[in-house]
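Here the structure comes first, spelled out in structure tokens, and everything after it is commentary.
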Amino acid sequence: KAEDGYRLWLRYDKVQDAALLQRYQSALTALSFYTSSATLDIAKKELIKGISGLTGNRLRPREGVTNNCIIAGTPASSVFVKKFFQKNKLNTGNEGYVISTGNVGGKKVLFIAATKDIGVLYGVFAFLRLLQTNQPLENLFMVSAPKIQNRILDHWDNLNRTVERGYAGASIWNWHTLPDYIDQRYIDYARANASVGINGTVLTNVNANARVLTKTYLIKVKALADVFRPYGLKVYLTAKFSAPVEIGGLKTADPLDPGVRNWWKEKCDEIYSMIPDFGGFLVKANSEGQPGPQSYGRTHADGANMFADALAPHGGIVMWRAFVYDLRVQKEQERFEEGNKGGHGNPIAAEDRFKQAYNEFAPLDGKFKKNVLLQVKNGPIDFQPREPFSPLFGAMPETQLMMEFQLTQEYLGQGTHLVFEAPLFKEVLDADTYARGMGSVVAKVIDGSLYHHPLTAIAGVANIGNDINWTGHPFGQANWYAFGRLAWDHELSSARIANEWVRQTFSNNRDFVTTTTSMMLASREILVDYMTPLGLNHIMGTGHHYGPAPWVDNAGRADWNPVYYHRADSEGLGFNRTANGSNALAQYRPEVQKQWDNSRTCDEKYLLWFHHVPWNFKMHSGRSLWEALCYKYNIGCDSVKWMQREWNAVKPFIDEERFKQVQQLLVIQEKEAVWWRDACLLYFQTFSKMPVPAQYEKPQHT
Ligand code: GCU
18 KAEDGYRLWL RYDKVQDAAL LQRYQSALTA LSFYTSSATL DIAKKELIKG ISGLTGNRLR
78 PREGVTNNCI IAGTPASSVF VKKFFQKNKL NTGNEGYVIS TGNVGGKKVL FIAATKDIGV
138 LYGVFAFLRL LQTNQPLENL FMVSAPKIQN RILDHWDNLN RTVERGYAGA SIWNWHTLPD
198 YIDQRYIDYA RANASVGING TVLTNVNANA RVLTKTYLIK VKALADVFRP YGLKVYLTAK
258 FSAPVEIGGL KTADPLDPGV RNWWKEKCDE IYSMIPDFGG FLVKANSEGQ PGPQSYGRTH
318 ADGANMFADA LAPHGGIVMW RAFVYDLRVQ KEQERFEEGN KGGHGNPIAA EDRFKQAYNE
378 FAPLDGKFKK NVLLQVKNGP IDFQPREPFS PLFGAMPETQ LMMEFQLTQE YLGQGTHLVF
438 EAPLFKEVLD ADTYARGMGS VVAKVIDGSL YHHPLTAIAG VANIGNDINW TGHPFGQANW
498 YAFGRLAWDH ELSSARIANE WVRQTFSNNR DFVTTTTSMM LASREILVDY MTPLGLNHIM
558 GTGHHYGPAP WVDNAGRADW NPVYYHRADS EGLGFNRTAN GSNALAQYRP EVQKQWDNSR
618 TCDEKYLLWF HHVPWNFKMH SGRSLWEALC YKYNIGCDSV KWMQREWNAV KPFIDEERFK
678 QVQQLLVIQE KEAVWWRDAC LLYFQTFSKM PVPAQYEKPQ HT
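Under full-length UniProt numbering, think of the first position of the sequence shown as 18, with each following residue one higher.
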């Protein structure tokens, strides 16, 4: 049934374990839930629906309290909650909740309560998650609040419904039929986000179209905002820097020009008159051809602060992206083209792309206004299967930094490869910047605790489209889920998240859960092995970023060329970023440099990120670099076969449809892992001139 995928992790099928079912049935017999807002209405319906599906109990809300009664609400909506909060001195803040067993007048009750309405909705979803994952309900006292305030999905959706780097169909925003037609999917989308605590959505692509800021589109944006509001989901837009010229009829977009500043101020006034809780803007400026303040001789801070001033009176925020690598490279390119008319290939850019965001932004530390966040991608290059954390996270104490992860798998096999990204996210969040001594992990930078910043945020580039199952690959849903869960609480482990997701999405069967979660937890490392082992990166086909193309040297820009990144030659492989190379390592704190600056002691996961090592370099395993490369590519391929075997073994536990989808996708993944291995080994062999060790499968020319 197609709906198996559509329901995501919000399936409320009857609990299978008979003993447990009975316990739930007798523990959840009544409901006291007075609702006084749209949000509480939604929470109540969800709770009734969930309990009915999971236990068969149909709860009818009643006035009084009986034994085994759920009491839900806020101190304002329920006297019982009010007393409970007073007695326990509880305050769950703007979004937090408490789930607790308790006692009212000698009756056994269960509270799902919060200071604010939205907290009750989050609490309801958390409670249903307990049931969905078959947890005990005895002696509960769970208090939870998000560690990061703004937990946002970035849609890279265009107004014509194409999605940049989207692999799950067309955009779910049907601009043509908005505002009058409200697709049920918008409501289901808001509900899914609320279920994992996502509270913001940027509707449009960072490569922005100014037209979304015209009245015609703002009416449509408002319609979505109205749908999302009761689910706690705020709407944001991308702002194209040149909008005052493109749609405002001005001659300039100079951020210091009074006319321009006024145009943005009026634009914000207009937006807020329609959408009073509009979140703010996400801006990509002076990056990959997008206009920005530098086009007018101004800085990124000048640009960001202009938006900040226009938004501040309304409480809006600016998310200014740090994904830039333009200036010097472009100049080098022009110089090269000048001296090389009719020549071939591209120059090797003078400045390491790795260093550029830091070079541009670190000097601006402290220059941004209070409602600005600098949005930094997890790594210094671009969402590779593995990157060291961006050095900016340890370099801008006076600036509110937010994280940008990518859920859509642009460089991770896109819509066809099974890759659970939580381990990737965790690796970055847990990385130590040493910015204020040991323990200054990236997570503490972005949750504001390291420097006591008041405004915090995290973004995930959405992997959602209008495919029936939302994300194309059924396991893509797990990345949406994992993002939400980690944005709420970055201390959750990948294993816990995988376990929750699998139980909710498929089955609580022990064998199923064990097999599937171990497959998920291994999947990212498996992809790294067959795609970019040992610190290789950015060797995907240029433009589309699908499949191997390490040989490309004419992609249009030096730093789009795979050869720029791997630097294979007759001596060895890898990018020397140490002091006698590009010295990108100097952008990290000394303690971090020490981890990576010596090829003998550098974690081999990052080896080729920082070192150009000889083909016969001795690895910790005793293998040469070349042998290690052969080994890694092969183990990656073998591991995909392992995933296939594991998946085949769980067939009895789940529905035919999703079983088959994943099975077929794993066949593609296996073929492509082999494609990666063969292409990369054959290509790198032209430099190493070494044989592939006999125990590995020989790469095939096709
Ligand atoms: C990547 C991606 C682009 C995207 C860009 C960005 O380079 O390939 O499609 O626009 O990131 O994040 O701005």
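Think of the CB as a built atom: it goes at the ideal place given N, C-alpha and C, for glycine as much as any other residue.
Close CB contacts of isoleucine 292 within its chain, under the 6 Å cut and outside five residues either way in sequence, are with Lys239, Ala242 (chain order). Distances between the C-beta of glutamate 687 and the heavy atoms of the ligand GCU are all 7 Å or more.
In this structure, the C-beta of serine 304 approaches the ligand GCU to less than 7 Å from one of its heavy atoms.
Secondary structure note for serine 161: it is in no alpha helix (DSSP H), and the uninterrupted beta strand (DSSP E) holding it is 158 to 161.
A distance criterion of 7 Å places the beta-carbon of phenylalanine 340 in contact range of the ligand GCU, judged by its closest non-hydrogen atom.
Pairing serine 161 with glutamate 112, the inter-Cα distance amounts to about 9 Å. Remark: three or more beta-carbon pairs, one from each stretch, lie closer than 8 Å, so the segment 116 to 126 and the segment 147 to 162 are flagged as touching. If you look at tryptophan 659, you'll find it in the alpha helix (DSSP H) that goes 642 to 666. By the neighbour-count definition (other C-beta atoms within 10 Å, threshold 16), lysine 232 is an exposed residue. With distances taken between CA atoms, phenylalanine 500 lies nearest to Asn216 out of Ala227, Lys106, Asn216, Leu64.
Scanning Asn651, His555, Leu299, Ala225 for the CA closest to the CA of isoleucine 264 turns up Ala225. Here tryptophan 337 carries a strand assignment [DSSP, helix/strand/coil]. Distance check between methionine 455 and each of Arg606, Ala47, Asn483, Trp613 places Arg606 closest, using alpha-carbon atoms only.
In the assembly as shown, glutamate 80 is an exposed residue. Its beta-carbon has fewer than 16 other beta-carbons within 10 Å. Here threonine 109 is buried. Its C-beta has 16 or more other C-beta atoms within 10 Å. According to the DSSP assignment, phenylalanine 371 belongs to the alpha helix (DSSP H) that extends over 370 to 378.
Taking 8 Å as the upper bound for CB-CB distance, phenylalanine 670 and asparagine 526 are in contact here, some 5 Å apart. With respect to the 8 Å criterion, alanine 566 and isoleucine 556 are classified as neighbours on the basis of their beta carbons. According to the DSSP secondary-structure assignment, lysine 124 is paired through a beta bridge with Val121.
Taking all protein chains in view, the Cβ of arginine 541 is crowded by 16 or more other Cβ atoms within 10 Å, so the residue is classified as buried. DSSP places leucine 299 within a strand segment (E or B) once states are collapsed to three. For cysteine 86, the enclosing beta strand (DSSP E) covers residues 86 to 90. Taking the Cα of glycine 73 as reference, the smallest distance to any Cα among Val229, Gly558, Arg40 is reached at Arg40.
Assignment of threonine 218 by DSSP, reduced to helix, strand and coil, places it in the strand class.
When the Cα atoms are used, glutamate 415 and isoleucine 463 turn out to be separated by approximately 12 Å.
Looking at the DSSP output, threonine 255 shares a beta bridge with Leu299. In terms of side-chain proximity, the C-beta atom of arginine 182 is found nearer than 7 Å to a non-hydrogen atom of the ligand GCU. A distance below 6 Å between beta-carbons, with the five flanking residues on each side excluded, links glycine 432 to the following residues of its chain, in chain order: Tyr184, Gly489, His490. Straight across, the Cα-Cα distance linking aspartate 134 with leucine 57 is about 6 Å.
Distance from threonine 269 to valine 223 at the Cβ level is roughly 23 Å; contact not present, criterion being Cβ atoms closer than 8 Å. As for any beta strand (DSSP E) of minimum length 3 sitting wholly inside the segment 138 to 210, the runs are 158 to 161, 167 to 171, ordered along the chain. Rounded to the nearest whole angstrom, the C-alpha separation of leucine 624 and valine 609 is 14 Å. Counting along the chain, phenylalanine 50 sits inside the beta strand (DSSP E) bounded by residues 47 to 50. Scanning Cys654, Ala476, Pro402, Val458 for the CA closest to the CA of lysine 622 turns up Pro402. With respect to the 8 Å criterion, valine 213 and isoleucine 169 are not classified as neighbours on the basis of their beta carbons. In the three-state reduction of the DSSP assignment, isoleucine 671 falls in the coil class.
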